[in-house]
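J.: Below is one structure. I have some questions about it.
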Amino acid sequence: MHSPWARAAALIALLLTAAPALAFARTPHLIDQTGRSFTLAALRGEPLIVTFVAAHCTDACPLVNAQMGEAVRQARAQRWPVHFLTITLDPEHDSAADMRKIATEFQADPRTWIVASGASSDVHAVMRDFDVLAQRGKNGFADVHTTFVYLLDTHGRVRSALLASNHLDQQILNAVRTDWSTLSQ
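Heads up: the sequence shown begins at 1 in our numbering, then just goes up one per residue.
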């Protein structure tokens with residue numbers, strides 16, 4: 001029969017072996033434009049529109065931000081209980097100040113539109129969850145990337161994805177209107 005010390009040593013060895021797995025299993029935290037930490041789980045309860053941008057992008061990202069801003073304004077005007085979330089896809093270069101600048105430029109009220117950054121490991125974990133791909137160019141920035149907008153239901157499940165286009169704001173509003181019963185369940 002094993003002594004209590006042998007059982008304790010075996011338990012400690014098991015915990016030490018499991019420790020790296022437990023560290024990776026933690027929930028990713030992001031930082032909003034006001035400096036507050038949050039998780040995606042904390043945003044459950046209302047439909048959520050999510051996209052990923054790079055603050056230093058000069059191609060599609062500024063257009064996506066502008067169209068998200070217009071979709072937010074129209075959703076607010078219609079009093080839809082929908083939240084919007086824009087997350088950096090280049091956390092190694094997009095600081096909290098960079099994301100705050102985007103939020104200011106597009107008048108993102110954090111009560112309805114969160115513009116987020118965070119620790120690289122946390123942002124990359126969220127990107128993996130959404131299958132967001134980003135490739136670094138010669139300048140080191142993530143300048144080639146996927147450009148999708150995800151519609152999540154009140155339980156945080158992705159219900160549909162939209163490819164960014166010239167009419168993204170209308171695509172978002174039409175999708176929310178069409179899929180409202182699915183998104184609000």
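C-beta: ideal position from N, C-alpha, C; glycine also.
#1: Less than 8 Å separating the beta-carbons of Asp179 and Leu151?
#2: Based on Cα-Cα distance, which residue from Phe130, His124 and Ala108 lies nearest to Glu70?
#3: Is there contact between the stretch 120-139 and the stretch 27-44, where contact requires at least three CB pairs shorter than 8 Å?
#4: Straight-line CA distance for Ala175 to Gln74?
#5: Confirm, please, whether the CB-CB distance from Phe141 to His83 is below 8 Å.
#6: With respect to the alpha helix (DSSP H) encompassing Arg128, which residues constitute its N-terminal and C-terminal limits?
#7: If you follow the alpha helix (DSSP H) that Arg136 is part of, which residue opens it and which one closes it?
#8: Measuring alpha carbon to alpha carbon, tell me which of Lys101, Lys138, His145 and Asp153 ends up nearest Arg128.
#9: Using 8 Å as the threshold, is the C-beta distance between Ala119 and Ile87 below it?
#10: Going by DSSP in three states, Ser117 sits in which element: helix, strand or coil?
#11: Classify Leu163: buried if its beta carbon has 16 or more other beta carbons within 10 angstroms, exposed otherwise.
#12: Cα-Cα, which of Phe148, Arg136 and Asp32 is closest to Ser95?
#13: Rank Thr154, Gln78, Phe130 and Asn65 by C-alpha distance to the C-alpha of Ser165 and give the top, closest one.
#14: Given Thr112, which residues of its chain have a CB within under 7 Å of its CB, disregarding the five upstream and five downstream residues?
#15: If you draw a straight line from the alpha carbon of Thr39 to that of Gly156, how long is it in whole angstroms?
#16: Would you call Ala42 buried or exposed, if buried means 16 or more other Cβ atoms sit within 10 Å of its Cβ?
#17: Can you give, in chain order, each stretch of the alpha helix (DSSP H) that sits fully within the stretch 70-118 and has at least 4 residues?
#18: Can you give me the C-alpha to C-alpha distance between Gln171 and Arg100, rounded to a whole angstrom?
#19: Which residues in the same chain have their Cβ closer than 6 Å to the Cβ of Asp169, if we skip the five residues on either side of it in sequence?
T.: Result, derived from the coordinates:
#1: yes
#2: Ala108
#3: Enough Cβ pairs lie closer than 8 Å, so yes.
#4: 13 Å
#5: no
#6: Ser120 to Asp129
#7: Here Arg136 belongs to no alpha helix (DSSP H); instead the beta strand (DSSP E) covers Ala134 to Arg136.
#8: His145
#9: It is not a contact, given that the beta carbons lie outside the stated cut-off.
#10: strand
#11: Counting C-beta atoms within 10 angstroms of its own C-beta, Leu163 has fewer than 16 neighbours from the protein chains shown and is therefore classed as exposed.
#12: Asp32
#13: Asn65
#14: Val72, Arg76, His83 and Phe84
#15: Distance between the alpha carbons of Thr39 and Gly156 is about 11 Å.
#16: exposed
#17: 96-105
#18: 26 Å
#19: Gln67, Glu70 and Ala71
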